[in-house]
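These protein sequence lines are chains A and B, in that order. Letter 57 of the first sequence, counting from 1, is numbered 56 in numbering that gives the first Met the number 0, and no numbers are missing. Letter 150 of the second sequence, counting from 1, is numbered 149 in numbering that gives the first Met the number 0, and no numbers are missing. Report on the following structure.
2 protein chains.
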Amino acid sequence: MYDMSDADARTRLIDSTRELLWERGYAAMSPRAIMQRAEVGQGSMYHHFTGKADLAATAFADNAERTLAAARRSLAGAGSARERLIGYLNRRREVLRGCPVGRMAQDAEALDTPELAAVLRETFAELRGLAAAAAAEGVASGELPEHVDPDELAETVLAVVQGGYVLARAEGSPVPFDRAVAGAVALIKAASC
Amino acid sequence: MYDMSDADARTRLIDSTRELLWERGYAAMSPRAIMQRAEVGQGSMYHHFTGKADLAATAFADNAERTLAAARRSLAGAGSARERLIGYLNRRREVLRGCPVGRMAQDAEALDTPELAAVLRETFAELRGLAAAAAAEGVASGELPEHVDPDELAETVLAVVQGGYVLARAEGSPVPFDRAVAGAVALIKAASC
DNA sequence: GTCTATAGGTCGATAGAC
DNA sequence: GTCTATCGACCTATAGAC
């Protein structure tokens, strides 16, 4: 079992920043909260990082890479193209925590911080590429109807997931997420008739 | 033309709070910023409202009501049920500003403030009801296929819109929103074949 | 109704000892 | 590498004059 308290100070700082960015976002995350959660002093933090922005950029890149890794397992893994798109939609998620990447798009201060905005943009660009490749493959193989635009279908799939998080958090329940995904899967199947 | 500076202090406070809640969210919105934008002094603000939470609850309820009014025009307006669902998806929006309601679902401090969380929950409940009623009507009339679950389709439509906002803001462009909507409309039309 | 003064707390960072 | 001390600014109110 991984235990944060076993890791060195730098790793603990990154891990607690990852969690806080996910939970509270960039603007609402204070260096103080980071240090307390990491059980690290101020001197240590400013020794390892130049400041909040530096630490956030490192931690956010880490969150983004983990999110991408999970998406690659669904979208570029085993199974037919259509199965992979549906598998991505149906993937188990910690719905009420929200998406650690999409979360940052709602944080004006994060969007104004170039290092963070760049990671956000690039992460969704790769996600979009993975989904679009699966959609294009599905159309080419005849699994999806010919008239489907792969880029549009890919964007719709990403939007259902991101929107599902929003609706679930607003409701305080994962049900809206699951319902939105079920509706999208049903539409994809119905369109392939 | 409506000009904020023509209105009285209380109205100007509500209007500037509406804008700031939309732009920055609850946690990142300071009473100071509200006062400056409203061109109102501190004494005036604490005369009209008990504090930040009180003012935010009033302003957020206002934002929510405006959002609902626009949604009602699409989802409970003229046209066939399927046309209304597609019309809701295609409605002109200030995409890069994001959704003033969905925005709050990403703000942990707002979710922890009961008055704000209640407005958020109730607004999406009504939105969901409007979309589900249109979907049910479409299925009943044969416009949408019999095997479509109205609640699921409604939730998917809301999710595409909310997710479209996230993807557009992440990209700094309305294109992802439009693409996600186009994909959803294409799926709905293809499923009705 | 609106003003100014004041308060105790946090924010994000720097300085210098060890 | 980590500690403590200190900084000026801002946060969210409250108090009391006018």
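Positions of the beta carbon are idealized from the N, C-alpha and C atoms, including for glycine.
- Counted as a single uninterrupted DSSP element, the alpha helix (DSSP H) harbouring B/H47 occupies residues 41-47.
- Put simply, the CB of A/T112 is far from chain B, with every gap to its CB atoms at 7 Å or more.
- Using a Cβ-Cβ cut-off of 9 Å, A/F59 is close to nothing in chain B; its nearest Cβ partner there is about 12 Å away.
- Within the region 128-151 of chain B, P144, H146, V147, D148, D150, E151 place their CB atoms closer than 8 Å to a CB of chain A, listed in sequence order.
- Within the region 99-125 of chain B, contact with chain A at the beta-carbon level (separation under 9 Å) is assigned to V100, G101, R102, M103, A104, Q105, D106, A107, E108, L110, A116, L119, R120, T122, F123, A124.
- Sequence-ordered contacts of the region 154-173 of chain B with chain A read E154, T155, V156, L157, A158, V159, V160, Q161, G162, G163, Y164, V165, L166, A167, R168, A169, E170, G171 [C-beta pairs closer than 9 Å].
- DSSP, read as helix, strand or coil, puts A/M34 in helix.
- Residue environment for B/P149: buried (at least 16 other C-beta atoms within 10 angstroms of its C-beta).
- Ranked by Cα distance from B/L143, the first of B/A190, B/E170, B/G101 is B/A190.
- For B/R178, a Cβ of chain A is located within less than 7 Å of the residue's own Cβ.
- Annotation for A/A169: P175 place their beta carbon closer than 8 Å to its own, counting only its chain and skipping 5 residues before and after.
- Note that the C-beta distance between B/E136 and B/A80 is below 7 Å.
- A check of alpha carbon separations from B/M34 across B/G50, B/G24, B/W21, B/A181 identifies B/G50 as the nearest.
- For A/Y164, the enclosing alpha helix (DSSP H) begins and ends at 149-170.
- The beta carbons of A/P173 and A/V118 sit no closer together than 7 Å.
- Two segments are said to touch when three or more pairs of C-beta atoms, one from each, lie closer than 8 Å; by this definition the region 46-60 of chain A touches the region 4-21 of chain A.
- Non-local C-beta neighbours of A/R90 in its own chain, meaning closer than 8 Å and more than five positions away in sequence, comprise A69, S73, ordered along the chain.
- When DSSP states are grouped into helix, strand and coil, A/V100 belongs to the coil group.
- Within 7 Å of the CB of A/I187, the CB atoms of chain B belong to L186, in sequence order along the chain.
- Annotated three-state conformation of B/D111 is coil, per DSSP.
- A distance below 6 Å between beta-carbons, with the five flanking residues on each side excluded, links B/P30 to the following residues of its chain, in chain order: K51.
- If you ignore the 5 residues before and after B/Q105, its C-beta comes within less than 8 Å of the C-beta of G24, all in its own chain and listed in chain order.
- With contacts defined by Cβ atoms closer than 7 Å, A/A133 and A/R83 form a contacting pair.
- Between B/H146 and A/E64, the alpha-carbon positions lie close to 39 Å from each other.
- Distance from the CA atom of B/H46 to the CA atom of B/A109, rounded to whole angstroms, is 23 Å.
- A/G97 reaches chain B at Q105, counting residues in chain order whose Cβ is nearer than 7 Å.
- A/A179 sits close to B/A158, with the two beta carbons spaced by under 7 Å.
- Burial state of B/Q41 is exposed, judged by a 10 Å Cβ sphere holding fewer than 16 other Cβ atoms.
- Contacts with chain B (Cβ-Cβ distance below 9 Å) from the region 23-55 of chain A involve R23, G24, A26, A27, listed in chain order.
- Across the set A/A153, A/E154, A/G163, the C-alpha of A/G163 shows the shortest separation from the C-alpha of B/E151.
- Membership of B/S29 in any alpha helix (DSSP H) is not indicated, and neither H nor E is assigned to it by DSSP.
- Contact check for A/A116 against A/V156 fails: the beta carbons are separated by 7 Å or more.
- With its beta carbon less than 7 Å from one in chain B, A/G182 belongs to the interface.
- The three-state reading of DSSP puts B/G78 in coil, since its state is none of H, G, I, E or B.
- Residue contact check for B/A70 against chain A: no CB pair falls below 7 Å.
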